[in-house]
Every structure is written in structure tokens, then in C-alpha cells.
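>
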Amino acid sequence: MQELSLSDWLATELFERVPSNIAVLDREFRVVKANRNFVDAFGPCQGRHCYEIYRDDRHPCSSCQAALTFADGKRRVSEEQRRNRDGRYSHYVVHFEPIQLGENETHYILEMSRDVTATRLLQREHDIVFDRTPCYIAVLDRDMRIVRNNELFRKTFGESIGKRCYEIYQQQNELCEDCPARQTFHDRQVHSAYKLGRNKEGENIYYYVTTAPLSRGENEPSHVIEMALDMTMTRMLEQQLRLAFDFQESLIHSAIDGIIAVDGEGKINICNPSAKKMFKCMGENMIGQKITDRFVPHEFLDIVEGKGSCRELKETVAYDCDGEAFPVRFAGVALQSGDKHVGSAAFFQDLREIKQLELEKLEAERLAAVGQTVAGLAHGIKNVLMGLDGGMYVVSSGMKKDDKELTRKGWEMLKSNIERITSYVKDFLNFARGRSTLEVRPVDPNWIVREVVNLYKDVAEQAGILLIAEFQENINPANLDAEGIHTCLTNLVSNAIDACEMSEKMDCKVIVRSIERDDTLVFEVQDDGCGMDYEVKQKVFTTFFSTKEVSKGTGLGLLVTRRIAQEHGGKVEFDSVEGKGSVFRLVFPKKRLPALSDSPS
Amino acid sequence: MDGITPAKTILVVDDEQDILTYLSTLLDDHGYTVRTASNAKEAWEKILSCAPDLLTLDIMMPKQSGIAFYRNMKLDARTQTIPVIFISAFSMAQNFTGFRFRKLVPDEEVPEPEGFLEKPIVIPTLLALIRNVIG
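Written out as C-alpha cells, the structure reads:
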């Protein structure tokens with residue numbers, strides 16, 4: 199009973215409950231019976247041709263599998279696309295089973311189909327992932343032979359199916375010591391390693407490889423999948439970055455200039471050895487400290503705060519760790535990355551040595567000038583000696599001849615030559631006394647000009663020369679040794695008046711100017727007198743060569759003027775055109791003017 | 484003094500009045516006729532007007548130097564035969580016969596002067612040199 203009822207159940211219910219779409223086709227390809235699943239998938243179909251149902255076609259398909267099974271009575275499996283009742287197509291795996299009710303003839307076909315669309319989709323996605331992932335992917339068997347690989351792998355390493363991985367990656371005959379694939383075969387765990395290999399062109403390839411076990415239920419994995427990420431580009435960039443970094447670091451490290459740099463927040467991140475030495479802070483760790491005006495000029499702090507992009511100070515004062523001041527040349531710049539302010543850098547050039555050299559040079563020049571002057575002096579003294587000889591001779595000749603007039607003349611010669619020798623000695627001592635102690639006070643430059651012009655007004659007037667002062671208004675007081683500058687201007691004005699007297703023109707003029715521009719103070723004395731020819735210009739400051747008449751000075755004037763100008767950090771410049779006149783300028787860069795003297799005078 | 488031969492004329496050129504007084508007194512005392520000039524321009528006028536037998540010439544003078552004057556004179560047919568004795572404060576050993584003279588008298592056209600004397604002069608040396616040149 200029970201058995202009977204089970205076969206009844208099977209006969210009736212199994213057909214309906216199997217999780218497949220089942221239909222029975224007759225030789226005309228008409229559906230004679232179909233289960234519920236089939237109807238759910240394709241709609242009512244009793245008596246309809248299969249090709250109408252699946253394709254909405256009027257004729258059997260050219261490659262009809264059912265027709266083949268009808269013909270040879272063999273079962274078949276195929277994969278087909280069929281239209282569902284909702285009009286969409288799906289992938290089906292279809293089994294064709296011949297139903298033979300006697301003889302060898304197939305009367306019907308049992309057709310069982312299963313929707314595999316989802317599986318197909320998954321497989322296609324897997325294929326895309328496997329082939330198109332920008333990694334090298336290979337599947338290895340236990341013998342380390344490559345059984346499958348992806349497109350990028352083949353492109354990079356060439357055809358390699360059946361070859362051992364180490365022959366491909368490493369181009370060697372042995373397994374690598376740290377082979378992650380071998381470890382995965384051994385412990386079924388995922389392993390990774392950084393490796394260096396070679397591509398088919400023999401170039402180095404850096405890659406990061408991960409291996410994972412592939413198994414189909416066995417205890418030991420039958421295969422290992424190897425996924426390698428190419429790090430060659432990254433590695434090259436890393437190397438280049440390291441190279442650039444090392445290059446710049448050693449550049450900063452070995453620079454003669456002191457370099458201090460701060461980040462965007464004003465914290466010191468570079469302080470090179472030159473800076474440490476300059477500021478005497480060898481032991482102190484400055485990195486990370488907030489920058490203050492302890493070491494850098496306050497102008498730099500503005501740049502750190504983003505006010506301004508660069509600043510150069512040709513000469514300023516810095517203070518070292520002991521609080522000692524020293525002269526530096528300074529440059530500060532804002533560091534940008536695109537539009538972003540990423541920090542600031544300060545550069546210091548220690549000027550102590552240069553300053554010392556400048557002093558030594560000044561001293562050497564002074565000594566050379568003394569030497570030249572001694573030579574010039576010897577020349578002058580010879581004239582004086584001859585004058586004295588002459589005086590004696592004329593006196594004795596006059597006395598011998600009882601010629602009173604001649605004796606008086608000789609006496610005058612003696613007197614005037616003794617005066618000359620006195621004047622030589624005074625001027626020379628004045629010149630040769632060495633570095634004077636300047637009495638530096640804040641002085642109104644116009645005041646000195648006024649004094650000198652007043653002093654020479656009468657002399658100039660008597661000689662028919664117009665002496666004019668042209669003041670620049672609102673000129674700033676400057677640190678000067680008033681007496682020294684007075685001497686310089688006196689010399690220049692006196693020279694200018696002499697040049698006018700030597701000129702053939704009748705109405706000459708001398709202009710004394712005070713000028714302040716570009717942080718420089720200039721005193722200018724211009725005349726339209728005789729000017730200087732080439733030979734005289736060459737000799738103005740060197741071997742002393744006076745073009746003046748004998749009674750008019752020793753020719754030390756310009757040397758003294760130059761010495762005083764140099765002691766003020768300045769210089770004497772001149773332009774002259776023969777027959778047209780000369781301009782002499784005392785040029786004082788204000789930053790180089792001397793410091794105020796300590797004691798009040 | 485020999486009354487038959489007329490006195491020789493010497494032109495003394497120097498920008499210092501003291502030197503002119505000295506040399507003219509000295510040479511006058513020794514029987515020469517002396518003319519003086521205190522610069523090159525004046526010397527040129529006198530040389531043409533009084534045709535001296537000899538010149539004493541200073542080197543460092545305002546405007547035109549004695550060297551330049553000497554060159555002009557030796558290149559002019561009217562004056563080139565007149566002998567010249569330089570009397571200068573330049574040291575002959577260093578400046579005059581060396582660098583400076585060669586530089587200012589660079590070519591072969593101009594002959595060497597008859598003498599150089601360094602200031603202050605030694606009187607017998609000057610007189611002997613003058614006698615030697617013009618008798």
C-alpha cells in the first residue's frame with residue numbers, strides 16, 4: 199500500500215516538485231506536458247511548439263538538440279538562451295532525455311532546464327577580474343608550474359604556461375629561499391613578500407606578491423594563486439625622492455652660508471652647521487623651537503608670518519648665543535608650494551672676515567699712500583733745499599756786491615723756504631698720524647656745508663669766483679666726525695677755487711651740494727674751472743703731483759680727504775673734463791657710517 | 484772776463500721765482516747774460532726773441548711740463564740746436580732717465596739733452612757742465 203502510494207507520489211508529485219523546468223516534447227516539438235516550474239518560467243504552453251515558446255519563432259532552430267536526440271536516441275546537454283514569459287532572455291543548462299516506449303524509437307523527449315544566468319554572470323565577472331586586474335596573477339600547481347595567468351602577466355613576463363615560476367620571475371633554476379607560494383602550500387595560509395624579478399626584456403621589476411591557497415576540499419591545496427603588485431614605479435620614485443632629498447640635505451649641510459629654515463608654523467626645521475657655528479650654538483638643539491628675533495632680524499619674522507615674500511639686508515647685525523654682535527649679510531625668503539606658504543628660509547653670510555680684510559686693506563692703502571707721499575715729499579723738499587741754497591747764495595752775493603736789494607731778496611727766499619718746509623712737515627704729520635679717533639656725533643650735513651662756504655666766501659669773492667651752497671631740504675642728521683668732513687670739504691672747495699683761477703674763463707663758479715638719496719649721503723663740490731687732463735686724473739690720488747703753483751699747498755689735500763672719507767666708510771669720486779671743470783663727491787652709504795663715539799666731547 | 488767775446492746768453496726756465504732768482508744771480512756772477520721764464524709759454528717767446536746759447540729747464544711746471552717743452556723745441560728747426568740742461572727735483576737715477584723720460588720721450592727723433600742736474604744743485608758741477616757745453 200505504502201509502496202504503491204510512494205510510487206504514485208513519485209509519479210505525480212516528483213514531476214511537479216523537481217527544482218527544474220520540465221517539459222515533454224513530441225516529435226513535432228510540441229509540449230505535451232510541462233510542470234509548474236516550467237509554466238512559471240515560460241507561461242502556458244500546452245500544445246505549443248518549443249521554438250514558439252523560447253524564441254517566438256515559427257520554425258525549429260537550425261541547431262536543435264532535441265531533433266538530434268530524436269534521431270539518434272542519445273541524451274544531450276547543452277547551454278541555450280531562452281526567452282522567459284516576461285520577455286527577458288536567460289541562460290539555461292538543458293538536459294535532453296529520450297523517452298523510448300518500445301523498440302529503439304524515441305517517441306518523446308524529456309527536456310529539463312535550469313536557469314544558470316547568475317552563475318554565468320559571476321563567471322564572466324571572475325574572468326574579467328582575473329584578466330584585467332592591474333596585477334600579475336598566476337595559478338601554480340604543487341610543482342610550482344604556472345597553470346594559468348592573466349593578461350598583464352603574459353604581457354610582462356611572456357608566454358609561461360607550464361614553466362616554473364622561478365624560471366619566469368627570477369630567470370633562475372631554483373626556488374627562492376623566501377618563496378611565499380611554497381609556504382602557502384605548506385601551511386595553507388596567505389603569505390606576502392617584496393621581491394625583485396626580471397621581465398621578459400631582462401629589466402628589473404619590483405613587486406609585492408601575495409599568495410593564497412586554492413583547494414577544492416582536499417586537505418592539501420592543489421594550487422596556489424599568486425597576485426603581485428608592480429612596485430617598480432613607486433620604487434623608482436622613492437629612489438629619486440631619496441636622491442633629491444640627500445642632494446638637497448648635503449647642499450644645505452655643507453653650505454658656507456648659515457641657513458635657518460622654519461615650517462609654516464614658524465618652528466625651526468633646518469639649522470645647518472654653518473649657522474650653528476656662526477651663532478655659537480653647536481650644542482643646542484634648535485629644531486622644533488619657535489623662531490624668535492633672538493637670531494634672525496625682525497624683518498624675517500614678518501616673512502614667517504606671511505607678510506612679504508623676500509627681504510635682503512646687505513649689512514645688518516646678528517647676535518650669537520653669547521649675545522655678541524657680528525656683521526652679516528642677510529636674505530630671507532618665503533617658501534611656497536604652489537600658492538601655499540610652507541615655510542621660510544633665512545640665509546646669513548658672516549661678514550666678520552670681510553670686515554677685517556676691509557680694515558686691513560684700508561690700513562695697507564694708508565701705508566702705501568704714506569710711502570707715495572714720502573716720495574712726493576722728498577721731491578718737494580729738494581725744491582725747498584734748492585730754495586734755501588739759493589737764498590744763501592743770493593744773500594752772500596748781495597753782501598759781496600754790497601747790493602742791498604739783492605741781499606733783501608735772498609733773505610726773503612730764506613724766509614719763504616723755511617715757511618714752506620714748516621708747512622710740509624705739518625701736513626705730512628697730519629696725514630701720517632694713522633687712524634685718527636673720530637669724534638662721531640649726529641650732525642646736520644648742511645651745517646658743515648654752510649661753515650665751509652662761509653669760510654671761503656671772501657677768498658672766492660676776491661678771486662671773482664661765485665661760491666654757492668645748494669642744500670637738500672629736510673636732510674637727515676648723520677653720524678659724522680664734523681671736523682673731518684669739514685677738512686674734506688675745505689680741501690675740495692680750495693681745489694675747486696684753484697681750478698677756477700687756473701681756468702682762462704672770467705666768471706667761474708663753485709657749487710657745494712648736500713644730497714641724500716638711496717640711503718646714501720653725498721657731498722658734492724662742482725666747479726667749471728680748468729678741469730683735469732688724463733695724466734692728472736691718473737695721479738689725483740697716487741704719487742702726489744701738484745699742478746698748482748709752488749706757494750699753493752703741498753698736494754696732500756686729496757690724500758687726507760680720501761683717508762677721512764674711508765674712515766667714514768665712504769669714498770671720494772670725481773668726474774672731470776679738461777677745460778670744462780670737475781665734480782668731486784664724498785659718498786657715504788649711511789649703513790656704513792661709524793658708530794657714535796662713547797665719550798661726550 | 485774776456486772783453487772781446489760777447490757774453491753767452493742763458494735762458495733759465497722754472498716756475499719757482501726763488502729758483503729763477505738763485506740761478507740768474509749765480510750765472511750773472513759768473514759772466515753769463517741771463518734771461519728767465521716762469522712757464523713754457525713765456526720760455527717759448529723768449530727763446531725766439533733772444534736766441535739763447537743754452538737753456539736750463541725745470542720739468543714739473545704747471546700747464547706744460549719741461550719734457551713736453553723740450554720735445555717741441557727739439558722738433559722745431561729754429562730751436563733744435565740749442566743745448567739744454569735739465570734742472571729738476573726728480574731723482575735722475577729713478578724717475579728721469581728711467582721710466583718717466585722714456586715714457587715722455589718715446590721715439591728716436593728727439594736726442595738726449597746735454598745734461599741732467601738734480602735739485603739742489605752743486606754750484607761747481609753746474610758751472611763745469613755749462614762750460615763744457617758752451618765754453
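Just so you know, the protein sequences line up as chains A and B, in that order. Here my numbering is used: the first sequence runs in plain steps of one and ends on residue 799. Here my numbering is used: the second sequence runs in plain steps of one and ends on residue 618. Built from N, CA and C at the ideal position, the CB exists for glycine as well.
On the CB-based measure, 16 or more other CB atoms within 10 Å of its CB, does residue 205 (chain A) come out buried or exposed?
As a position in the first sequence, residue 205 (chain A) is number 7, starting the count at 1. Classification for residue 205 (chain A): exposed.
> I'd like to know whether the C-beta of residue 743 (chain A) is nearer than 9 Å to at least one C-beta of chain B.
What you label residue 743 (chain A) is simply residue 545 of the first sequence in a count that begins at 1. Bear in mind that the predicted position of residue 743 (chain A) carries a pLDDT of just 49, short of 50, making it too unreliable to give a figure here.
> What are the residues that DSSP puts in a beta bridge with residue 403 (chain A)?
Sequence index remark: in the first sequence, residue 403 (chain A) carries index 205 (1-based). According to DSSP, residue pairing for residue 403 (chain A) in a beta bridge involves A:395.
> Would you kindly work out how many angstroms separate the C-alpha atoms of residue 543 (chain B) and residue 603 (chain B), rounded to a whole number?
Counting from one through the second sequence, the residue named residue 543 (chain B) turns up at place 60. Counting from one through the second sequence, the residue named residue 603 (chain B) turns up at place 120. When rounded, the distance between both Cα atoms is 15 Å.
> Using only the alpha-carbon positions, how far apart do residue 155 (chain A) and residue 331 (chain A) sit?
Nothing about residue 155 (chain A) can be reported from this structure: the residues present for chain A run from 199 to 799 only.
> Determine the direct distance from the alpha carbon of residue 290 (chain A) to that of residue 312 (chain A), and round the result to whole angstroms.
Indexing the first sequence from 1 puts residue 312 (chain A) at position 114. Indexing the first sequence from 1 puts residue 290 (chain A) at position 92. Taking the straight line from one Cα to the other gives about 5 Å.
> Could you have a look at residue 544 (chain B) and say whether DSSP puts it in helix, strand or coil?
Translated into the one-based positions of the second sequence, residue 544 (chain B) becomes position 61. DSSP, read as helix, strand or coil, puts residue 544 (chain B) in coil.
> Can you find a C-beta in chain A that's less than 9 Å from the C-beta of residue 601 (chain B)?
What you label residue 601 (chain B) is simply residue 118 of the second sequence in a count that begins at 1. True, the Cβ-Cβ gap to chain A drops below 9 Å.
> At what residues does the alpha helix (DSSP H) containing residue 560 (chain B) begin and finish?
Position 77 of the second sequence holds residue 560 (chain B). No alpha helix (DSSP H) contains residue 560 (chain B), which DSSP labels as neither H nor E.
> Between residue 627 (chain A) and residue 650 (chain A), how many whole angstroms is the CB-CB distance? I'm expecting something under 8 Å.
Numbered from its first residue, the first sequence carries residue 627 (chain A) at position 429. Numbered from its first residue, the first sequence carries residue 650 (chain A) at position 452. Rounded, the Cβ-Cβ distance is 23 Å, inconsistent with contact.
> I'd like to know whether the C-beta atoms of residue 509 (chain A) and residue 524 (chain A) end up nearer to each other than 9 Å.
What you label residue 509 (chain A) is simply residue 311 of the first sequence in a count that begins at 1. What you label residue 524 (chain A) is simply residue 326 of the first sequence in a count that begins at 1. Against a cut-off of 9 Å, the Cβ pair of residue 524 (chain A) and residue 509 (chain A) comes out as no contact.
> If you drop the 5 nearest sequence neighbours on each side, which residues of the same chain put their C-beta closer than 6 Å to that of residue 619 (chain A)?
Taking the first residue of the first sequence as 1, we reach residue 619 (chain A) at position 421. The answer, listed in chain order, is 582.
> Of the residues A:676, A:229, A:235, A:458, which one's Cα is nearest the Cα of residue 212 (chain A)?
Against the first sequence, residue 212 (chain A) aligns to sequence position 14. Nearest Cα to residue 212 (chain A) within the set A:676, A:229, A:235, A:458: A:235.
> For residue 790 (chain A), I'd like the list of residues in its chain whose CB is within less than 6 Å of its CB, leaving aside the five on either flank, ordered along the chain.
Taking the first sequence and counting its residues from 1, one reaches residue 790 (chain A) at position 592. Taken in chain order, the residues that qualify are 767.
> Tell me which residue opens and which closes the beta strand (DSSP E) that residue 525 (chain A) is part of.
The residue you call residue 525 (chain A) lines up with position 327 of the first sequence. Start and end: 523-535.
> Taking Cβ positions only, does residue 505 (chain B) come closer than 9 Å to chain A?
Position 22 of the second sequence, counted from the start, is the residue given in the question as residue 505 (chain B). For residue 505 (chain B), at least one C-beta of chain A is nearer than 9 Å to its own C-beta.
> Are any of the Cβ atoms in chain A nearer than 9 Å to that of residue 509 (chain B)?
Sequence index remark: in the second sequence, residue 509 (chain B) carries index 26 (1-based). With 9 Å as the cut-off, residue 509 (chain B) counts as an interface residue toward chain A.
> Are the C-beta of residue 512 (chain B) and some C-beta of chain A separated by less than 9 Å?
By 1-based counting over the second sequence, the position of residue 512 (chain B) is 29. With respect to chain A, the C-beta atom of residue 512 (chain B) has a partner C-beta closer than 9 Å.
> Are the C-beta atoms of residue 584 (chain A) and some chain B residue less than 9 Å apart?
Taking the first residue of the first sequence as 1, we reach residue 584 (chain A) at position 386. Yes, residue 584 (chain A) lies at the interface with chain B (some Cβ there is under 9 Å from its Cβ).
> Using 8 Å as the cut-off, can you tell me whether the region 673-680 of chain A makes contact with the region 693-704 of chain A, which would need three or more C-beta pairs spanning the two stretches below that distance?
no
> Would you list the one or two residues that DSSP bridges to residue 709 (chain A)?
Here residue 709 (chain A) refers to the residue found at position 511 when the first sequence is read from its first residue. Paired residue(s): A:666, A:724.
> For a contact defined as C-beta to C-beta under 9 Å, what are the partners of residue 615 (chain A) on chain B?
Translated into the one-based positions of the first sequence, residue 615 (chain A) becomes position 417. Under the 9 Å cutoff, chain B gives 501.
> If you draw a straight line from the C-alpha of residue 397 (chain A) to the C-alpha of residue 367 (chain A), how long is it?
Taking the first sequence and counting its residues from 1, the one referred to as residue 397 (chain A) is at position 199. Taking the first sequence and counting its residues from 1, the one referred to as residue 367 (chain A) is at position 169. Roughly 7 Å between the two C-alpha positions.
> Examine chain B for any beta-carbon lying closer than 9 Å to the beta-carbon of residue 455 (chain A), and answer yes or no.
Counted from its first residue, the first sequence places residue 455 (chain A) at position 257. For residue 455 (chain A), the answer is no, since every Cβ of chain B falls outside 9 Å of its Cβ.
> So, using beta-carbon positions, are residue 730 (chain A) and residue 699 (chain A) closer together than 9 Å?
Against the first sequence, residue 730 (chain A) aligns to sequence position 532. Against the first sequence, residue 699 (chain A) aligns to sequence position 501. No, the Cβ-Cβ distance between residue 730 (chain A) and residue 699 (chain A) is not below 9 Å.
> In the structure shown, what three-state DSSP assignment does residue 559 (chain A) receive?
What you label residue 559 (chain A) is simply residue 361 of the first sequence in a count that begins at 1. Note: residue 559 (chain A) maps to helix in three-state DSSP.
> Hey, out of A:718, A:559, A:226, whose CA is closest to residue 258 (chain A)'s CA?
By 1-based counting over the first sequence, the position of residue 258 (chain A) is 60. Among A:718, A:559, A:226, the Cα nearest to that of residue 258 (chain A) is on A:226.
> Look up residue 608 (chain B) in the DSSP assignment and say whether it is helix, strand or coil.
Reading the second sequence from its first residue, position 125 is the one you call residue 608 (chain B). Note: residue 608 (chain B) maps to helix in three-state DSSP.
> Tell me whether residue 529 (chain B) is buried or exposed, calling it buried when 16 or more other Cβ atoms sit within 10 Å of its Cβ.
Along the second sequence, read from residue 1 onward, the residue named residue 529 (chain B) stands at position 46. Its Cβ being crowded by 16 or more others within 10 Å, residue 529 (chain B) is buried.
> Could you tell me the distance, in whole angstroms, from the CA atom of residue 557 (chain A) to the CA atom of residue 548 (chain A)?
Here residue 557 (chain A) is taken as the residue at index 359 of the first sequence, counted from 1. Here residue 548 (chain A) is taken as the residue at index 350 of the first sequence, counted from 1. Cα-Cα distance, rounded: 16 Å.
> If you draw a straight line from the alpha carbon of residue 621 (chain A) to that of residue 503 (chain B), how long is it in whole angstroms?
As a working note, residue 621 (chain A) is residue 423 in the first sequence. As a working note, residue 503 (chain B) is residue 20 in the second sequence. Across the structure, residue 621 (chain A) and residue 503 (chain B) are spaced so that their CA atoms are roughly 22 Å apart.
> Residues of chain B with a CB under 7 Å from the CB of residue 592 (chain A): which are they?
If you number the first sequence from 1, residue 592 (chain A) lands on position 394. Chain B residues near residue 592 (chain A): 504, 505, 508.
> Quick check: the Cα distance between residue 458 (chain A) and residue 469 (chain A), rounded to an integer number of angstroms?
Taking the first sequence and counting its residues from 1, the one referred to as residue 458 (chain A) is at position 260. Taking the first sequence and counting its residues from 1, the one referred to as residue 469 (chain A) is at position 271. Answer to the nearest angstrom: the Cα atoms are 5 Å apart.
> Would the beta-carbon of residue 725 (chain A) fall within 9 Å of that of residue 795 (chain A)?
If you number the first sequence from 1, residue 725 (chain A) lands on position 527. If you number the first sequence from 1, residue 795 (chain A) lands on position 597. No. Outside cutoff.
> To be precise: take each residue of the region 515-530 of chain B, compare its Cβ to all Cβ atoms of chain A, and keep it if any distance is under 7 Å. Which residues remain?
none
> Please list the residues of the region 564-575 of chain B that have a C-beta atom closer than 9 Å to any C-beta atom in chain A, keeping them in chain order.
570, 571, 572, 573, 574
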